[in-house]
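By numbering that gives the first Met the number 0, the letter at position 119 of the sequence shown is numbered 118, and the numbering carries on one by one without gaps.
Even glycine gets a Cβ: it sits at the ideal position worked out from N, Cα and C.
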Amino acid sequence: MRIVLLGAPGSGKGTQSQRLVQRLGIPQISTGDLLRSAVARGTALGLKARDAMAAGKLVDDGIVLGMIRERLAEPDVARGFILDGFPRNIVQAEALDAMLKQIGKPLGAVVLMEVPNAELVRRIAGRRSCQTCGSVYNIYSMPVGAPLVCTRCADSPPLYQRPDDNEATVVERLKVYEAQTRPLAGYYGKQGLLQTIDATGDVDAITELLIGVLSSPVAARARAVAKAPAGKPAPGAKAKPKVKAKAKIARKAAKKAGKAGHAVRHRSVAKKKVAKKKSAGKKAARKK
Ligand code: AMP
Numbered sequence: 000m001r002i003v004l005l006g007a008p009g010s011g012k013g014t015q016s017q018r019l020v021q022r023l024g025i026p027q028i029s030t031g032d033l034l035r036s037a038v039a040r041g042t043a044l045g046l047k048a049r050d051a052m053a054a055g056k057l058v059d060d061g062i063v064l065g066m067i068r069e070r071l072a073e074p075d076v077a078r079g080f081i082l083d084g085f086p087r088n089i090v091q092a093e094a095l096d097a098m099l100k101q102i103g104k105p106l107g108a109v110v111l112m113e114v115p116n117a118e119l120v121r122r123i124a125g126r127r128s129c130q131t132c133g134s135v136y137n138i139y140s141m142p143v144g145a146p147l148v149c150t151r152c153a154d155s156p157p158l159y160q161r162p163d164d165n166e167a168t169v170v171e172r173l174k175v176y177e178a179q180t181r182p183l184a185g186y187y188g189k190q191g192l193l194q195t196i197d198a199t200g201d202v203d204a205i206t207e208l209l210i211g212v213l214s215s216p217v218a219a220r221a222r223a224v225a226k227a228p229a230g231k232p233a234p235g236a237k238a239k240p241k242v243k244a245k246a247k248i249a250r251k252a253a254k255k256a257g258k259a260g261h262a263v264r265h266r267s268v269a270k271k272k273v274a275k276k277k278s279a280g281k282k283a284a285r286k287k
């Protein structure tokens, strides 16, 4: 399965991706995590990305696409992957399509996770992460008084708040999302890949919702189309009519249109007759 999770910052893409990794046994590819790791290691790429990230802007497409190209070449993605935070604009989406087409492995599903803005801001303010394993927590859903440490790592490292999870940057990130990333819903909608879920409420329930849409007929059809050998229609997909068949369809349509025309004419003749009768009746009444 090759999946894209779309959604605003704070919509839960990271949290749900981590859960899908467990359920589906395919890796999560988060461009945000890859970039943060590059920044933390002080690599040349990290230095280039740092300022844009701190300002809540998108990092240069060239940098992100280079990173994705490298990641998609690793062996663990052979069975599929969950893209989290990528693509973020149309240029990236087109480049991804081209990359996947080249290796003959197109996307199977795109899920848009919708959350109202007020809830997004609250979630981002409460978000804390583990720098060791990348697990994401939220102080609002943790037990009151629980220590802010990672319970998944053996040495319980302290959780940290991402530097770009501050109020000023969040406003910019939401603006960037609306202007550049949301249009991807239309892009994938046209490809017949998009499914939208309400990503508010219980985290477990959202995971089940996601699993449900990923096994829905839309996702299954997209997978079948991806698997179909060139030239052959996928199971369940409509075959293109041959030229002769097309001519037959056109003849049928013309015949139907002709009949419809007759029907309209019949109706208008009938209407005229009724009108004639009515006026004759009125004349007779006047004479009386
Ligand atoms: P995220 O962890 O997905 O919220 O990403 C954090 C930040 O990394 C974003 O605000 C961007 O500055 C940068 N970033 C992550 N993914 C991308 C991407 N696909 N394209 C450009 N910038 C990105």
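Please state if the CB of V90 and the CB of D60 are separated by a distance shorter than 8 Å. Yes.
Taking buried to mean at least 16 other C-beta atoms within 10 Å of its own C-beta, is A229 buried or exposed? Residue placement at A229 is poorly supported in this model, since its pLDDT is 47, which falls under 50; the coordinates are not used for a value here.
Under three-state DSSP, which class holds K245? Low confidence applies to K245: its pLDDT is 43, below 50, so where it sits in the model is not reliable enough to give any reading.
Cross-strand partners of R126 (DSSP beta bridge): According to DSSP, R126 bridges with N137.
Runs of beta strand (DSSP E) wholly within the region 66-114 (minimum 3 residues, chain order): Listed in chain order, the complete beta strand (DSSP E) runs (minimum 3 residues) inside the region 66-114 are 80-83, 108-113.
Residues in its own chain within less than 8 Å of P26 by CB, not counting five upstream and five downstream? Within the same chain, and ignoring the five residues on either side of P26 in sequence, the residues whose Cβ sits closer than 8 Å to its Cβ are V20, D75, V76, F80, I81.
Residues near Q130 in its chain [Cβ-Cβ closer than 6 Å; skip 5 each side]: Cβ neighbours of Q130 beyond the five flanking positions: Y159.
Less than 8 Å separating the beta-carbons of I138 and Q15? For I138 and Q15, no; Cβs fall outside 8 Å.
Tell me the DSSP secondary structure of G200 in three-state form. DSSP places G200 in coil when its eight states are reduced to three.
Given the structure, does K174 come close to the ligand AMP, in the sense that its CB is under 7 Å from one of the ligand's heavy atoms? For the ligand AMP, not one heavy atom lies less than 7 Å from the Cβ of K174.
Which term fits L193, buried or exposed, when burial requires 16 or more other beta carbons within 10 angstroms of its beta carbon? Of the other Cβ atoms in all chains shown, 16 or more fall within 10 Å of the Cβ of L193; this residue is therefore buried.
From V169 to V120, what distance separates their C-alpha atoms? Answer to the nearest angstrom: the Cα atoms are 7 Å apart.
Compute the minimum distance between the beta carbon of L34 and the heavy atoms of the ligand AMP, and state whether it is under 7 Å. Within 7 Å of the C-beta of L34 there is at least one heavy atom belonging to the ligand AMP.
DSSP state of V169, grouped into three classes? In this structure, V169 counts as helix in the three-state DSSP scheme.
Do M52 and the ligand AMP come close, with the Cβ less than 7 Å from some heavy atom? Placement of the Cβ of M52 at a distance of less than 7 Å from at least one heavy atom of the ligand AMP is found.
Are the CB atoms of R78 and Q179 nearer to each other than 8 Å? Contact annotation: R78 and Q179 have beta-carbon atoms that are not nearer than 8 Å.
One question on the structure: do L111 and L5 come within less than 8 Å of each other, judged by their Cβ atoms? With a cutoff of 8 Å on beta-carbon distance, L111 and L5 are scored as near each other.
Leaving out five residues before and five after V148 in sequence, what residues of the same chain have Cβ atoms less than 6 Å from its Cβ? So the qualifying residues of the chain are S155, P157.
How should R40 be labelled, buried or exposed, when 16 other C-beta atoms within 10 angstroms of its C-beta is the threshold for buried? Exposure of R40 is indicated by the presence of fewer than 16 other C-beta atoms within 10 angstroms of its C-beta.
Going by DSSP, what residues sit across from Y159 in a beta bridge? Y159 is bridged to S128.
Should A339 and E73 be called a contact, given that it needs their Cβ atoms to be closer than 8 Å? No statement about residue 339 is possible, as the shown extent of the chain runs from 0 to 287 and does not include it.
Mapping the DSSP letters down to three states, classify A253 as helix, strand or coil. Any reading at A253 must be qualified, since the residue scores a pLDDT of 45, below 50, and its modelled position is unreliable; the value itself is stated next. In this structure, A253 counts as helix in the three-state DSSP scheme.
Residue closest to N165, alpha-carbon to alpha-carbon, out of G144, I196, I123: Of the candidates G144, I196, I123, the one whose C-alpha sits nearest the C-alpha of N165 is I123.
Cutting at 6 Å between CB atoms, please list the residues of its own chain near I28, excluding the five before and the five after it. Within the same chain, I28 has close Cβ partners R70, F80, L82.
What did DSSP end up calling L192 once you bin it into helix, strand or coil? In the structure shown, L192 sits in coil (DSSP, three-state: anything other than H, G, I, E or B).
Count the other C-beta atoms from every protein chain shown that fall within 10 angstroms of the C-beta of R35, then say buried if there are 16 or more, exposed otherwise. Burial check for R35: the Cβ neighbour count within 10 Å reaches 16 or more, so the residue is buried.
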